[in-house]
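Heads up, the thing below is written out as structure tokens.
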Amino acid sequence: MPADPADVTVPLFIDVRVSLASGDVTARPPGPPTDAPDRVLLAGLGPLRSATPHGRSALVLETAAGERWLVAISETSGLVASVDHLRPRACP
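Numbering-wise, the working numbering puts 14 at position 4 of the sequence shown, and it's gapless, one number per residue.
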């Protein structure tokens, strides 16, 4: 089955998958590859405009409404360590 074009992979210390349509964030647990299903790390923030890496263990999610959220992922557990609202960018 082909991948949904609204799904993007964000390369961090693990590959994190983000559904731009729903805002769901999923990833496999860190460590050796297994047949375990992806874990849901965050659900329902969408729809999203973009998902971009921010360093080795965080990503920035931008909603369709223009809000930006910094999501940090624990390198030990592979779970969400924090979610922080980013201040709006200043308009030139």
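Each residue gets a CB set at the ideal place from its N, CA and C atoms; glycine is no exception. Since the structure is predicted, the reported quantities are computational estimates derived from the model, not experimental observations.
Counting every other CB atom within 10 Å of its CB across the protein chains shown gives G76 a total below 16, marking it as exposed.
If you draw a straight line from the Cα of P57 to the Cα of P42, it comes to about 32 Å. Taken in chain order, the complete beta strand (DSSP E) segments of 3 or more residues contained in the region 40 to 83 are 49 to 52, 58 to 63, 68 to 73, 78 to 83. Nearest to A16 by C-alpha distance, out of V70, D34, F23, S92, is D34.
Annotation: D34 is outside any beta strand (DSSP E) and is labelled neither H nor E by DSSP. By DSSP's assignment, T86 forms no beta bridge with any residue. Within the same chain, and ignoring the five residues on either side of R49 in sequence, the residues whose Cβ sits closer than 8 Å to its Cβ are T36, A37, R38, P39, G88, L89.
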